[in-house]
Amino acid sequence: MSPPDKQKNFLERLLARWGGRYIPIAQQGVQLLSFLFASLGIFFILYNTDLTPLETQRLFQSVMLLVLGANVLLLIAILLLTPTARRHLDLWAAGEPRPEEEEKEAWQEIVTAVPRFSAIALIIAVVEVILPAAAYMYYVTEDINVAIHVALGGFLSATALITVDTILFETAITPARIVLLPRSFEDQIAGLQGRRMRTRLTLLVSSLIVITLLMTIPVAYQQLVNVMAASGIGFDTLPSLQIQFTLISFLALALGVFLTNILVRTIDTPLRHLAEVMTQVQQGDLSRRALVTGLDESGIIAVRLNHMLEQLEELQRGLEEKVAEQTALLSRRVAQLEAAAQVA
Numbered sequence: 043m044s045p046p047d048k049q050k051n052f053l054e055r056l057l058a059r060w061g062g063r064y065i066p067i068a069q070q071g072v073q074l075l076s077f078l079f080a081s082l083g084i085f086f087i088l089y090n091t092d093l094t095p096l097e098t099q100r101l102f103q104s105v106m107l108l109v110l111g112a113n114v115l116l117l118i119a120i121l122l123l124t125p126t127a128r129r130h131l132d133l134w135a136a137g138e139p140r141p142e143e144e145e146k147e148a149w150q151e152i153v154t155a156v157p158r159f160s161a162i163a164l165i166i167a168v169v170e171v172i173l174p175a176a177a178y179m180y181y182v183t184e185d186i187n188v189a190i191h192v193a194l195g196g197f198l199s200a201t202a203l204i205t206v207d208t209i210l211f212e213t214a215i216t217p218a219r220i221v222l223l224p225r226s227f228e229d230q231i232a233g234l235q236g237r238r239m240r241t242r243l244t245l246l247v248s249s250l251i252v253i254t255l256l257m258t259i260p261v262a263y264q265q266l267v268n269v270m271a272a273s274g275i276g277f278d279t280l281p282s283l284q285i286q287f288t289l290i291s292f293l294a295l296a297l298g299v300f301l302t303n304i305l306v307r308t309i310d311t312p313l314r315h316l317a318e319v320m321t322q323v324q325q326g327d328l329s330r331r332a333l334v335t336g337l338d339e340s341g342i343i344a345v346r347l348n349h350m351l352e353q354l355e356e357l358q359r360g361l362e363e364k365v366a367e368q369t370a371l372l373s374r375r376v377a378q379l380e381a382a383a384q385v386a
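In the working numbering, the protein residues as written are 43 to 386.
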């Protein structure tokens, strides 16, 4: 592929200008949201705790410093994950040919960049930001409840940030994936193995459920504690309430994941069936037809695929008939020539 012209979209023009630098720049551009989501996490913590101005200042400074360090680590990670892909993008932007023997490696790097980045971001968020921030605020306030709310606020902001980052980063590097698509059909398929829609959608919806639970359950629990304290009710029931809130959270998460899995199956199963039919057609069996099980776009695709296969089968049948006719005609002419030669 040649570098995009003026008719291409904004991201493709940036890719043509930056080449391999486009990937880390896009990743860092997306990561700028980390400071916004960290601020939202701090607001969540302040809403559920009674920190002094000095403690609030230390919380803000420590979190922002840890988030900055996390962004540096993520930049290093994305550079280590995509060396071949970035080199091929540099060659593409310069208009130079890309080594064909490295196309598969570059393709696998670019298609796995987002899920690997998300997994690493989650690990860094927990190990480098959330746990140190909670430990530091426990050291500052000597209050375990503050540390717990810092951890909950950290998990809330990290889950929301990683979910949004994954979607935006996936969109941002789409032009790079188009450029790095290998010429070999086998390499294209090999790079896409394991990219399951069911897993991705289940993780996405589960993240939304976790975000909702982290935003509501701790706030509801804290408000209940405040009401009990204001009314003079004893705190003997707090351990029981904690268990009940925790149980409700896990049940809601489990139910959400279960229903999500059922919903995703209704999308994933017809698409997998279509892929199997296409594989068999590719092997030469034009008689195969897709089952029209979906009532949405998957059903429309199945109907159109069946219509296309009927046309191809009819075309193949017509070509076979013409070949048979021409073969019979040639056979008659050969027989006539042989008879004429014998007479002569």
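In this text, a Cβ means the ideal position worked out from N, Cα and C, and glycines have one as well.
Scanning its chain for C-beta atoms nearer than 8 Å, with the 5 sequence neighbours on each side dropped, one finds around I120 the residues I65, P66, Q69, A155, F159, in chain order. Assigned with DSSP and collapsed to three states, T94 falls in coil, not helix or strand. About 19 Å separates the CB atoms of A175 and D207; that is not less than 8 Å, and the two are not in contact.
Note that the segment 320-329 does not touch the segment 285-304; fewer than 3 beta-carbon pairs, one per stretch, sit closer than 8 Å. The C-alpha of G195 lies about 51 Å from the C-alpha of Q322.
With contacts defined as CB atoms closer than 7 Å, L222 and A127 qualify as a contacting pair. Here F86 really is in contact with L198; their C-beta atoms are around 6 Å apart, less than 8 Å. Closest in C-alpha terms to A232, from the list G111, I152, S373, comes I152.
For R158, the enclosing alpha helix (DSSP H) stretches over residues 145-166.
For I259 against F287, the beta-carbon gap comes to about 6 Å, under 8 Å, which counts as contact. A distance below 7 Å separates the beta carbons of D310 and R240.
Within the same chain, Cβ atoms closer than 6 Å to the Cβ of G336 are found at P312, the five residues on either side in sequence being excluded. Put simply, the segment 208-215 does not touch the segment 180-193. Fewer than three CB pairs are less than 8 Å apart. Inclusion of V319 and R330 in the CB contact set at 7 Å is warranted, their separation being smaller than that value. Taking 7 Å as the cut-off, the Cβ atoms of A80 and V109 count as close.
V306 sits away from L234, with the two beta carbons spaced by 7 Å or more. Spanning the alpha carbons of I220 and I204 requires a straight line of approximately 24 Å. Relative to R129, the option among N268, I190, L57, N187 whose CA is nearest is L57. According to the DSSP assignment, P66 belongs to the alpha helix (DSSP H) that extends over 64-73. In chain order, A200 place their CB closer than 6 Å to the CB of A167, counting only its own chain and leaving out the 5 sequence neighbours on each side.
Where E184 is concerned, there is no enclosing alpha helix (DSSP H), because DSSP gives it neither an H nor an E. Beyond the five residues adjoining it in sequence on each side, L82 comes within less than 7 Å, by CB distance, of S199 in the same chain, given in chain order. Secondary structure of N51 (DSSP, three-state): coil. Secondary structure in the segment 194-247: the alpha helix (DSSP H) runs of 4 residues or longer, each lying completely within the stretch, are 216-221, 227-234 in chain order.
Buried is the label assigned to G61, since at least 16 other Cβ atoms lie within 10 Å of its Cβ. The alpha-carbon separation between R100 and L93 amounts to approximately 10 Å. Around A177, the same chain offers A189 as residues with beta carbons nearer than 8 Å, after the five sequence neighbours per side are excluded. Annotated as distal: D229 and K364, with beta-carbon spacing of 7 Å or more.
Rounded to whole angstroms, the separation of the alpha carbons of A332 and L316 is 6 Å. Between the C-alpha atoms of E143 and R314 there is a straight-line separation of about 30 Å. In this chain, the alpha helix (DSSP H) harbouring V376 covers 339-385. The continuous alpha helix (DSSP H) containing D132 extends over residues 125-135. The C-beta distance from L266 to L245 rounds to 31 Å, too long to meet the 8 Å contact threshold. Nearest Cα to I209 within the set L75, L347, E54, A383: L75.
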